[in-house]
Amino acid sequence: MVDISTAPQSPPIPTDGPWAVRTRRFGEVSKQVLRNPTTVAGLVIIVLLLAVAFLAPLLTTPNVPDPYQMPRDWGTRDAPPGTPGHLLGTTSTGGDVLYGVLWGARTSLQLSVIVVSITVTVGVIVGSLAGFIGGRLDEILMRIVDVFLSIPELIFALAIAAVLGPSFTNIIFALSVVFWVKYARIIRGQIIHIKQNDYVDAARVTGDSKFRIYLKDVLPNSITPVMVQATLDMGGIVLTAATLSFIGLAQAGLAEWGVLVSDGQAGISAGKWWASTFPGMMVFLWALAFNLVGDGLRDVLDPRTEGR
Amino acid sequence: MTAAAPAAGGTDVIRSPLVASVEGLKVHFGTKGGRIHAVDGVSFDIRDGETLGLVGETGCGKSVTARSFLRLVQSPPGIYAGGRIRFWSSLARRTGADPVDLLSISQDDLLDIRGNRIAMIFQDPGKALNPALSIREQVAEVFYQHRSDDLLYGLADDPPLIIRRAAGQRARGLERLLLKLPPLRGHAAKLRSRVDVHVAEALAETQIANPRKIMDSYPHELSGGMKQRVMIAQALACNPDLLIADEPTTALDVTIQAKILELIRQLQHRHQTSVLYISHDLSLIRQTSDRVAVMYAGRIAEVGDSDAIFSDPLHPYTRGLLAAVPSASHKRGGLAAIEGNVPELVDPPPSCHFHTRCPFAVELCRSLDPELEMVNGHGVACFAHASAEHLGVMPEELPSFAKRTR
Amino acid sequence: MQIREYILRRLMILPLIVVGTSIIVFSLSRVGGNPIAIYLEHEMTPAEVAEIEERYGLNEPLPVQYLAWAGGVLTGDMGWSAVSAQPVTEALFSRIGATLEMAIFAAIVAITLGIGLGTFGGARRDRLPDHLTRIFSISGASMPIFWFAILLLILFWVNLGWFSTGRSSPEIFASIAHPTGLYTVDALLAGNLGAFLNAIRFLTLPAITLGFGATAIIARMMRSSLVEELNEDYVDAARAKGLPERLVLRRHARRNALIPTVTVIGLGFGFLLQGTVVVEIIFRWPGIGRWMADAVLRGDQATIMAYVLFTSILFLSVNLIVDVMYAYLDRRVVLGG
């Protein structure tokens, strides 16, 4: 039988390594990402939030000695928004809501950057060991991952932070213990998937060492889903941390959004809505922005996971 | 093959009445880069009882053409940009009523034709059957949808409204619950067993062994050939006037292919159904079709009786294809026998779409759309067969098979 | 793989994971300093401290202590809950009803609304309803549940006065018996419509708050799997049979799209579980979430340990059920190959 379904065409042969291909693809990817209006909206919000975080010391007079503590103005307590000197009002302890909103961005930025760096590093190392070495080590590591995944994130972090005692450092520690697991899983899955691809075999035939293959071929190809997850986690970590400090696990008086919402909660029945509303909105915006961008990235980088 | 099939190459043979007539069909796809003219002015007729083979490469627009009959092209991005598909149902032919234009009739009228007057078989039966529904449920749908009056006939003197709605698949959540309860349960059971009889009959027609048992299975439990038999059973369940078979055997084993082709042929004769056969496989089309339309890049290159096309191809594309058919003297050539690539179909300028690959192409071919002209009893869209006078050009401006230009 | 084999394998792994979880939970209790702290009082002599150590087995090596604790858990003895001044097991069972009732209503909200919205958006891909669904589900995943709860309270409690915090009106609570601990069910058992409506009134806001995140997750998954299913050949085949779009969507595409959606119900349940802590604090709901929050603030380790172990076993069980359901629903995967 004659099959005329395939026109003769030879596919272009890739001539350079994955890093070069990646770099070239970066241009295309960013173009595609920027085509999605919701992703752009997320990026704009992120830029604004980062600007707030960086400019907080210029926009407000830093509290002494510790600028991350809320300043107390006992003379004006529960002032509504629009009060001169207190644009967004004050809390029941005389804290300026605007100060908390601005410095909260700085707190959140530090928190999320620290936790994401730690968890990505740990996750990538553990996942790489499991995926690349395999065998019994893989079995053991993955069972540990299963155990970590058996406790809902927030509850796990809550328990860790609780036994360590209320402090923001402990929240950072608790989140780091909880959040690395996903990266280990992603990296391992990707490595196992990529190990089956032909070009890794080809590299092996040409005599590259295992570690070189790992650096040159496996890692660059595995990093995309990690990037997506890290973007989503930048938001998720702030959300979880704010929840923990809302419950009461950060030191009192910290310029952090969850703490502020918790402080303002008591006043809402008396109509003092502002002390909770503004900081809570910041948490929402922060998480929303990173979720929008992470989502847009996933659509472009990993279309399989989304039915688009 | 059929009684109405004309003699090869005959010009004035009395042909059987039309079942469908595609006239200047244009289907475009809107993309960011422009409009893809997937089907760009296609015309052909299908006559009563005949098999028309539509042959062409992947991407030439043959599947889009086939899907247009039932308006199954997804929109957006698909746009029906022009032309019409006229259709004479058997009833219309008997009563002498006017044909309908499938592209412009209302959605309700279209639903009445789909699966009833025009049915379709898909390429991959594994994908075309719903994995979550039993064979019984899937075949029964056709009867419920199009034969609800027959199902109700004699069921009860005056069947309750809910039963009537159930027979027409219009029963909603609460009604479906009521159907499971007395007093309606008895009626509903009777209705179901009637449908089961029809389903079993339809399956038995396709020579499936043990239809009653097959009815209770799910698609993943059946082989590819069995699944295609089920597809055929539900397609022919309502005795359609036209069966569209879109590469019905491509996904099947070679041994099964022959059986399925034979089955379609037998059933076609029994039901007096016209068939539109879509394939990229020339020898299969030659085996099955009374007439053949050769499609290239969204247009018909050549159309005519099967024997005429295969014995006396006129279009350089058809000639190239036939030269590629392996025979005792030739090795298998594939399409490599025709050099060059299919042109981009994004907003194409007027031209013969084949000029990029045609060894005889001249200036005229690159600047004007050729039209189908009747030559030796079959239509061909090539300036080499056109009349210079008619086009208003000098005869030497026409391409000639005598001199190759590349 | 046969489905029975699959379930058996999952059931065999489950105890191992539970053991692992219990080790983590136990380690947690020892990370935060010597648990003897809560038993100590002022002016205790070293001998008295030693005696307490002896009594609670705190001078034994850690593995022995773990086994003693695990043995206790298995026999229903999880220690003394300082925050509720009663044995942990008793405290847990007296509060579980409240949390369960809220979680069930939240799950009903999340599943119906999530599937509804996902279908609504997915069937109208890339048109306005689809974009709105997308915005809704991303907002849901980004919403700090404590803030959402407070916004609802400001609107519906402070400004409109429609709802209130707490679980029921005291006079209505006293008017009926509470055999199940689920107030809506108790009211129905007592045949008291007023009490039922009262229970619903108190449930509405917390259930909506709690269900929001899970609704978003389910809507998102439903939307994308429906979009995927609508591109399948069998959908066109169903259309080619002459079925109206309503049936093509409901009987064909949606049924298959529900299969992958089932998998995120487990994830959504995790959202519900962890959400209860915050929601119960804000709505003053007397369930195990608030019990945990109290324990966290007071350093009540026995309660924290019991809560974490209990919720993770619940979480694991729901995920097991979900996986089994998925394996059962998706004939293509398990039985096909």
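Protein chains in written order, with the numbering used here: chain A, 1 to 308; chain B, 309 to 714; chain C, 715 to 1051. C-beta atoms are modelled at their ideal positions from N, C-alpha and C, and glycine is treated no differently. In this text the structure is predicted, and so the values were computed from the model without any measurement.
- Taking C-beta separations shorter than 7 Å and ignoring five residues to either side along the sequence, the partners of Gln453 (chain B) in its chain run Gly423, Gln477, following chain order.
- Comparing alpha-carbon positions, the option among B:Gly533, B:Ile552, B:Ile540 lying closest to Ala559 (chain B) turns out to be B:Gly533.
- In the three-state reduction of the DSSP assignment, Ser398 (chain B) falls in the helix class.
- Looking at the backbone, the Cα of His686 (chain B) and that of Asp458 (chain B) are separated by about 44 Å.
- Within chain C, no residue has its beta carbon less than 9 Å from that of Met534 (chain B); the closest one is some 14 Å off.
- Nearest to Arg578 (chain B) by C-alpha distance, out of B:Val381, B:Asn518, B:Thr514, is B:Thr514.
- In the same chain as Leu43 (chain A), and ignoring 5 residues on each side of it, the C-beta atoms closer than 7 Å to its own belong to Val293, in chain order.
- Cβ atoms of Ser525 (chain B) and Ile443 (chain B) come within 8 Å of each other, at about 6 Å.
- Residues of chain B with a Cβ closer than 7 Å to the Cβ of His966 (chain C) are, in chain order, Asn438.
- Residue contact check for Tyr1042 (chain C) against chain B: no CB pair falls below 8 Å.
- Here the alpha carbon of Gln536 (chain B) sits roughly 15 Å from the alpha carbon of Gln576 (chain B).
- For Gln251 (chain A), the three-state secondary structure derived from DSSP is coil.
- For a cut-off of 8 Å, the C-beta gap from Pro65 (chain A) to Trp103 (chain A) is around 14 Å, too long to register as a contact.
- Spanning the alpha carbons of Ala1009 (chain C) and Thr1017 (chain C) requires a straight line of approximately 6 Å.
- Take the alpha-carbon of Thr789 (chain C) and the one of Arg809 (chain C): they are about 20 Å apart.
- Annotation for Arg343 (chain B): His336, Asp655 place their beta carbon closer than 6 Å to its own, counting only its chain and skipping 5 residues before and after.
- When rounded, the separation of the alpha-carbon atoms in Val101 (chain A) and Pro37 (chain A) is 27 Å.
- In the DSSP annotation of this structure, the continuous segment of the beta strand (DSSP E) that includes Thr359 (chain B) starts and ends at 359 to 363.
- Pairing Thr894 (chain C) with Asp950 (chain C), the inter-Cα distance amounts to about 50 Å.
- For Asp295 (chain A) against Val116 (chain A), the beta-carbon gap comes to about 17 Å, at or over 8 Å, which does not count as contact.
- Membership of Val602 (chain B) in the beta strand (DSSP E) is indicated by the continuous run 599 to 604.
- Under the 8 Å criterion on CB atoms, Val335 (chain B) is classed as non-interfacial with respect to chain C.
- For Ser112 (chain A), the CB contacts under 6 Å within the same chain, skipping 5 residues up- and downstream, are Met234, Ile237, Val238 in chain order.
- Across the set B:Pro657, B:Pro439, B:Pro527, B:Leu622, the C-alpha of B:Leu622 shows the shortest separation from the C-alpha of Ser708 (chain B).
- Non-local C-beta neighbours of Asn1033 (chain C) in its own chain, meaning closer than 6 Å and more than five positions away in sequence, comprise Gly980, ordered along the chain.
- Fully enclosed alpha helix (DSSP H) runs of no fewer than 4 residues occupy 671 to 675 of the region 653 to 678 of chain B, in order along the chain.
- For the 8 Å CB-CB criterion, Ala541 (chain B) and Ala510 (chain B) form a contact.
- Distance from the CA atom of Ile932 (chain C) to the CA atom of Val1036 (chain C), rounded to whole angstroms, is 14 Å.
- With respect to Leu986 (chain C), Ala863 (chain C) sits apart: the two C-beta atoms are not nearer than 8 Å.
- The Cβ of Ile810 (chain C) sits no closer than 8 Å to any Cβ of chain A.
- Under the 10 Å beta carbon count, Ala474 (chain B) is surrounded by 16 or more other beta carbons and is classified as buried.
- For the set C:Met1019, C:Val1038, C:Ala837, the Cα lying nearest the Cα of Val739 (chain C) is the one of C:Met1019.
- A contact between stretches requires three or more CB pairs, one per stretch, nearer than 8 Å, and the region 378 to 388 of chain B meets this requirement with the region 408 to 424 of chain B.
- The straight-line gap separating the alpha-carbon atoms of Thr581 (chain B) and Pro667 (chain B) is approximately 40 Å.
- When DSSP states are grouped into helix, strand and coil, Thr83 (chain A) belongs to the strand group.
- Counting C-beta pairs closer than 8 Å gives fewer than three between the region 136 to 150 of chain A and the region 217 to 230 of chain A, which falls short of the contact rule.
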